[in-house]
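Numbering (UniProt numbering), first residue to last: 1 to 314. Backbone N, C-alpha and C fix where the C-beta goes; we use that ideal spot for every residue, glycine too. Nothing here was measured: the structure is a model prediction, and the numbers come from that model.
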Amino acid sequence: MTITQLQYVLAVAEHKNFTLAAEKCFVTQPTLSMQIQKIEEELNILIFDRSKKPIQLTDIGQKIVNQAKNIVNEADRIKDIVEQQKGFIGGEFRLGIIPTIMPTLLPMFLNNFIKKYPKVKLLIEELNTDEIIVKLKNGHLDAAIAATPLEDEKIKEIVLYFEPFVAYIPEHHASFQKEEIEVADLNLNEILLLQDGHCFRDGILNLCKNGSDIDQTNFQIQSGSFETLIKLADEGLGTTLLPYLHTLDLKDSDKLKLRNFKEPKPAREVSLIYPKSELKMQIIDAIRSTIAGVVKGAIVFQNVQIISPLQKKA
């Protein structure tokens with residue numbers, strides 16, 4: 001059997017369709033089917049149950065797919081070893097970034113990275129954390145930038161920086177008069193939140209759960225953007241919390257409504273995450289060092305309390 005044949009097997013296992021798998025592998029469907037059949041004949045087993053729709057793995061097929069992932073990863077590692085030996089930092093690199101980090105962090109480092117590493121072709125995709133984890137495990141992302149810790153044994157994390165939560169409190173609110181606030185000052189039932197699927201939303205829920213019991217059924221207003229939440233707060237519909245980097249680009253009039261938390265400031269941990277297969281580490285290190293260089297001046301907070309991005313079970 002060959003590496004290419006194993007790649008075909010992995011494609012069918014993922015897409016559960018021979019035609020779609022062939023398209024993703026840039027071969028004809030008969031060619032892909034014939035190569036998979038050769039493996040099955042060589043091993044004298046069936047990897048796929050073709051009688052089911054969509055196509056399903058057989059029990060032995062699942063074990064073969066698990067091993068095939070390891071073999072394909074190790075084959076890719078040989079290319080990495082050669083490139084690292086040559087000092088080459090280039091090629092295609094697929095990077096996922098969560099929506100609450102993408103608009104602020106990406107403009108800070110992307111131009112510097114492109115200039116320093118012109119041979120790297122970055123393919124950047126905005127995804128939520130759950131989508132990122134799936135794509136990392138399936139080999140469709142090389143790395144991602146997300147809030148951590150994720151507590152996933154198959155994913156490694158390199159902490160990039162700690163980003164404090166900052167409260168946005170309009171003038172009509174009682175806490176507006178305070179110079180700094182505490183978690184106890186927050187009324188979760190009036191905090192405007194991002195929609196489900198955003199880990200920053202889950203971080204706020206976890207932060208406020210530390211102080212009091214809440215009834216999530218009270219949430220009526222949820223939005224997909226911080227800009228909308230700010231406008232709703234200005235209309236008297238509540239308060240909201242923002243990540244620190246997002247506050248740097250606010251208008252001066254809006255910055256007057258920001259309130260920092262007392263120390264230790266609640267913060268999220270932002271990390272570069274990647275599969276434990278550790279492929280393309282030279283590019284991962286290049287991204288890490290580039291980001292470290294640009295955030296060093298913007299993020300100067302030390303005394304922080306990390307709030308988990310994982311949604312806590314009731």
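Check the C-beta distance from E171 over to K257 and give it rounded, since I have them as a contact under 8 angstroms.
Contact flag correct, Cβ pair sits at about 7 angstroms.
Using DSSP with H/G/I as helix, E/B as strand and the rest coil, what is L136?
L136 falls in the helix class under three-state DSSP.
Threshold first: 4 residues or longer. Then list the alpha helix (DSSP H) segments lying entirely within the UniProt domain "HTH lysR-type" (1 to 58), N to C.
Within the UniProt domain "HTH lysR-type" (1 to 58), the complete alpha helix (DSSP H) runs of at least 4 residues are 3 to 15, 18 to 25, 29 to 43.
Going by DSSP in three states, A298 sits in which element: helix, strand or coil?
Reduced to three states, the DSSP call for A298 is coil.
Which whole-angstrom value describes the C-beta separation of F188 and T240, a residue pair presumed to lie in contact below a C-beta threshold of 8 angstroms?
The question names Phe, yet the displayed sequence has Leu at residue 188. L188 to T240, Cβ: 11 angstroms. No contact.
Could you tell me the distance, in whole angstroms, from the CA atom of K135 to the CA atom of I97?
Cα to Cα, K135 sits roughly 12 angstroms from I97.
Do Q311 and A267 come within 8 angstroms of each other at the CB atom, strictly closer than that value?
No. Outside cutoff.
Within 10 angstroms of its Cβ, does I287 collect 16 or more other Cβ (buried), or is it exposed?
That one is buried.
Restricting to runs no shorter than 3 residues, where is the beta strand (DSSP E) found entirely within the segment 94 to 152?
The segment 94 to 152 contains these whole beta strand (DSSP E) runs: 120 to 126, 143 to 148.
Starting from I230, trace the alpha helix (DSSP H) in both directions and tell me its first and last residue.
Counting along the chain, the alpha helix (DSSP H) containing I230 begins and ends at 226 to 234.
Which residues in the same chain have their Cβ closer than 8 angstroms to the Cβ of I3, if we skip the five residues on either side of it in sequence?
Answer for I3: I71, V72, A75, listed in chain order.
Looking at the secondary structure, which residues open and close the alpha helix (DSSP H) in which N307 lies?
Checking the sequence, you will find Ile at residue 307 rather than Asn. Run containing I307: none; DSSP gives neither H nor E here.
For Q29 and K53, what's the separation of their Cα atoms in angstroms?
Going from the Cα of Q29 to the Cα of K53 covers about 17 angstroms.
Return yes when the Cβ of E180 is within less than 8 angstroms of the Cβ of K255, no when it is not.
No, the pair does not count as a contact, with Cβ atoms beyond the cut-off.
Short of 8 angstroms in beta carbon distance, which residues of its chain neighbour G236, apart from the five on each side in sequence? Order them along the chain.
Same-chain partners within the cutoff: P170, H172.
Out of curiosity, what's the CA-to-CA distance linking N44 and L32?
Using only the alpha carbons, I get a separation of about 18 angstroms.
Looking only at C-alpha atoms, which of L245, E92, Q37 sits nearest to G297?
It is L245.
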